[in-house]
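Here the structure is laid out as structure tokens; the discussion comes afterwards.
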Amino acid sequence: MFQDFKLVSDRPVAIQVKEYIKRLIIKGALQVDQKLPSTREMSSLLKVSRNSVIAAYEGLEDDGFAYAIPGKGSYVTAMVGHLDANKGSDSWQIDWKARMNEYAVSATELDMMKQGIRTKKGTISFTSIAPDEQLFDLGDVRRAFMDRMAIEGQVLLNYGYAKGYKPLIDYLKRYMENKGVDLSGKDMLITSGFTEGFDIVLSALRPSARRGAAICENPTHHTAIKNLKLQGFEITGIPMESDGIDVEQLEAVLQKQTKSFDLAYLTPSYHNPTGIVMSPAKRSAVLNLLMRYQIPVIEDGFNEELRYSGAHVAPLIATVGQGNGVIYIGSFSKVLFPGLRVGWVLGDKALIDNLESIKRARTIHTSTIDQSILYQYLLNGNFDKYVKKARMEYKRKYELTKACCEAHLPEVQLTGDGGLHLFLTFPSDVNTRQLLEACTEHGVIFTPGDKFFIQEGTGTNTLRLGFSRVTDENIERGIQIIGKQARRFLET
């Protein structure tokens, strides 16, 4: 016994000793009322200092795993409620897969990350559209954390409010005002990123007496498709054109009125996956149509800050003035730090009041520390400086990626006006899943485009190429490999 103890370098020795002995007690290797070796003997057995063993034994007593008899030593305590493996407890086995409901099964089937490709080290991956962590200004983030903790650290470590951290809410309201949004009659809820915000809104708008019905662009964000399906919505996809959603097709669908639509989900700027920015004329036409049919809009503020050229385009919520038909969901995840998991929902006050209660019932509140760090970082004036730097770097990579695609994939149609990716449409006889298999063998992967289409079996000649975390050298080499493999399909 005690021969399998191994120290790791990044944890206090006394804690490691305590946890090691605790595991032996739980496993039954040390019996109830059994005397533990003396501190001197144990220090010799484990090859650690006696002081570490003394501290470990004191910790075992504090945790209720040992008791001391003065002058005699330390003994193992009886564990209340501990199941004895010798009495057959191991035979209690449940088939959890058989117990999973439709929601759980669907979530697994739609889990794009779980079904992702397992690749070898050194593979060139164009699958990510996350920001490049090499651009993160850690010094400013550290300063923001220290500043906020110095001001109200004890408060931040306690429970927060379901609605969100008020200083951050006030800051983000001004931020949205600067985008042209009229805040009259509107309020804001802080969420754990876009996905939670979207899920909460869907759960509030989902009809109780029938399946929900949603309109969205086709293709669209895979996470949106997944959550719409999990929430029981039937999705009607409207094709995309070079300047955004096909307005004529949208109007035709609405005129048929075969079903009552509960919502429309739209990403007007740097659309995922196409990267298209909806033109001002189309924005106006789409909103007029949806207003006429009284269909609320969930607007995804995806990548709005990563504009590389052209004038600022106001979000949809800014164009409706005091109207309350648009729900805006925003986050800085694709620009700043996705690890903080902070997003927001801006919409009608009555709606936000209900969403706040749903949020409280589910997660109580988004991490107050995360919210406060983001707030202080923004308050310190770091955001504009960072975005300027990030925009310059991503623009450079965007132009390099586009040039490489034009050079090595001349037969491909490219879309993408900004953001962190390009969308490629091949001739119809190229299946990008088969292309992915061929490229994987040569150390390159990307995201097949059919994941983003509503109907199965469509978009099979498309792919999304994320460049944000790929080096210049690998961008050139990876696209060259994709081009070489694609020609094999085009020549057959």
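Position 439 (the sequence shown) corresponds to 439 in our numbering; numbering is contiguous. Note that beta-carbon positions come from the ideal geometry of N, C-alpha and C, so glycine has one too. The model shown is predicted, which means the values in this text are computed figures rather than measured ones.
Distances from the alpha-carbon of T415 to those of K388, D384, N431 and L465 put L465 closest.
Put simply, the stretch 444 to 464 does not touch the stretch 331 to 347. Fewer than three CB pairs are less than 8 Å apart. In this structure, V444 and T108 do not form a Cβ contact; the two beta carbons are roughly 28 Å apart against a cut-off of 8 Å. Residue burial annotation: V181 is buried, with at least 16 other C-beta atoms found within 10 angstroms of its C-beta. Judged by beta-carbon spacing, C216 lies within the 8 Å limit of A264, meaning their Cβ atoms are closer than that value. Each residue's CA atom was taken as its position, placing E491 and A209 some 53 Å apart.
By alpha-carbon distance to T127, the top candidate from V141, F383 and M112 is M112. Under the DSSP assignment, M188 falls in the beta strand (DSSP E) whose first and last residues are K186 to T191. The C-alpha of Y171 lies about 25 Å from the C-alpha of L266. Proximity of the stretch 188 to 203 to the stretch 385 to 397 falls short of the contact definition, fewer than three beta-carbon pairs being nearer than 8 Å. Per DSSP, A214 is one residue of the beta strand (DSSP E) stretching across G212 to N218.
Where Y265 is concerned, the enclosing beta strand (DSSP E) starts and stops at L263 to L266.
Under the three-state reduction of DSSP output, T415 falls in the strand class.
With at least 16 other beta carbons inside 10 angstroms of its own, H421 counts as buried. In the three-state reduction of the DSSP assignment, W96 falls in the helix class, which pools H, G and I. Inter-residue distance for T432 and L110 is about 19 Å (C-alpha atoms, whole angstroms). For M176, the three-state secondary structure derived from DSSP is helix. In the assembly as shown, S428 is an exposed residue. Its beta-carbon has fewer than 16 other beta-carbons within 10 Å. Using a 10 angstroms sphere on the CB of Y377, the tally of other CB atoms reaches 16 or more, which defines it as buried. The beta carbon of Q322 is closer than 8 Å to those of D182, S184 and G185 in its chain, skipping five residues each way along the sequence. Taking 8 Å as the upper bound for CB-CB distance, F136 and I373 are not in contact here, some 13 Å apart.
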